[in-house]
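Accompanying notes for the structure given below.
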Amino acid sequence: MRLFTPRPGGSWRAFPAPIHGASSKRARGMRPGGFSEFRAWLFTLLLAAAGHAAASADRPLIFGVFPNMTAKQTVEIYRPLANALERHLQRSIVVYSARDFKTFVERTRQGEYDLLLTAPHLAWLARQDAGYRPLLKYVRPTYGLLVVKQASGFQAPDELRGRTIATADTIAVAVLAIQAEMAASGLLHGTDYRSVDAGTHFNAAMQVINGRADAAMLGMHPYLLLPSEVRQQLRVLAKTPPLSSLMYLTHPRLRDREATVIHKALLDFAATPEGAAFMQHGGYGGFAAVDGSELRAFHPYALRAQEILRTTR
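To convert, note that position 220 of the sequence shown is 243 in the working numbering; the numbers rise steadily by one, no gaps.
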């Protein structure tokens with residue numbers, strides 16, 4: 024048998040351990056020094072377990088943030104929250120996102136994020152595919168927005184027939200919700216209007232401002248986080264019914280105690296002046312518990328996102 028213990032920095036070394044357990048010694052009778060050997064073996068085993076736990080605590084906690092903004096925006100906005108978590112957990116937090124929604128969903132499926140902030144339909148997938156556990160959500164609902172240039176003559180969504188609409192990503196819940204609303208009004212995606220994938224909500228907005236698209240499908244929270252000089256050049260043409268906002272989830276490798284500490288840290292952060300500014304800036308309204316039925320309500324959007332991901336691989 025070989026036991027493993029981590030080296031500083033996270034690598035591993037192996038060392039031999041006695042192959043005789045206590046049961047074999049009882050069967051043969053305890054020979055001189057046998058108890059000492061067993062006690063040394065037990066100490067070695069406990070030391071290895073402690074070393075493994077220490078290595079886990081030393082490893083940075085990976086905080087995966089839904090890529091609905093640019094990487095620079097994501098780090099700037101979520102670093103204060105990550106700093107608050109670091110103080111509570113006594114563990115470094117690394118903020119990660121992904122270059123696009125597809126990559127983010129795949130990394131989530133692979134369990135690369137310890138703490139996850141994602142859209143509700145992708146939270147459903149995270150729970151189904153990787154066992155992520157819902158923790159909290161932003162209390163204020165979001166909306167899908169259909170926006171046009173402020174100076175444009177568009178007054179109703181049906182006037183966009185035959186036009187080009189920019190999107191953050193085809194699997195964004197805001198995009199799926201707006202497409203569903205437009206379909207209910209007789210405008211079918213790919214038939215009555217074209218779409219162009221801009222990668223982020225900011226890029227989609229800029230496509231409209233720069234005249235490369237006639238409209239854009241945006242989420243409410245990313246829209247509120249746009250620079251004011253950008254928002255001033257846009258006009259909301261239509262919006263969807265309210266949708267559950269982004270949700271925080273933890274990977275099952277985090278123990279219940281760690282998840283509880285993160286839960287408390289998030290709530291404590293929201294109660295600070297810095298946290299209040301964070302909530303106001305994003306229009307989040309604070310934190311609330313996640314009801315399991317909420318995730319089930321996003322099952323159709325989750326399946327649609329899965330279908331899109333399969334056909335674009």
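Backbone N, C-alpha and C define an ideal beta-carbon position, used for all residues, glycine too.
When rounded, the separation of the alpha-carbon atoms in residue 280 and residue 287 is 11 Å. Restricted to the segment 147-224, the beta strand (DSSP E) segments that are unbroken, complete and at least 3 residues in length are 156-161, 167-172, 187-190, 217-220, listed in chain order. For residue 307, no beta strand (DSSP E) encloses it, and the DSSP letter there is neither H nor E. Residue 290 sits away from residue 141, with the two beta carbons spaced by 9 Å or more. Beta-carbon to beta-carbon, residue 227 and residue 190 are separated by about 6 Å, close enough to satisfy the 8 Å threshold.
The beta strand (DSSP E) runs of length 3 or more contained entirely in the segment 105-131 are, from start to end of the chain, 116-119. Every beta strand (DSSP E) of 3 residues or more that sits fully in the segment 234-274 is shown, in chain order, as 238-242, 257-262, 270-273. Counting every other CB atom within 10 Å of its CB across the protein chains shown gives residue 181 a total below 16, marking it as exposed.
Around the beta carbon of residue 245, a 10 Å sphere encloses 16 or more other beta carbons of the protein chains shown; the residue is thus reported as buried. With 16 or more other Cβ atoms from the protein chains shown falling within 10 Å of its own Cβ, residue 131 counts as buried. If you draw a 10 Å sphere on the C-beta of residue 192, you find 16 or more other C-beta atoms in it, and that means buried. By the C-beta criterion, the segment 81-96 is judged to be in contact with the segment 137-152, since at least 3 inter-stretch pairs fall below 8 Å. A contact is defined here as three or more CB-CB pairs under 8 Å, and the segment 258-272 meets this definition with respect to the segment 170-177.
Residue 139 sits in a strand when the DSSP states are folded into three classes. Annotation for residue 88: the continuous beta strand (DSSP E) segment containing it runs 84-88.
Following the DSSP letters along the chain, one finds residue 313 in no alpha helix (DSSP H), marked with neither H nor E.
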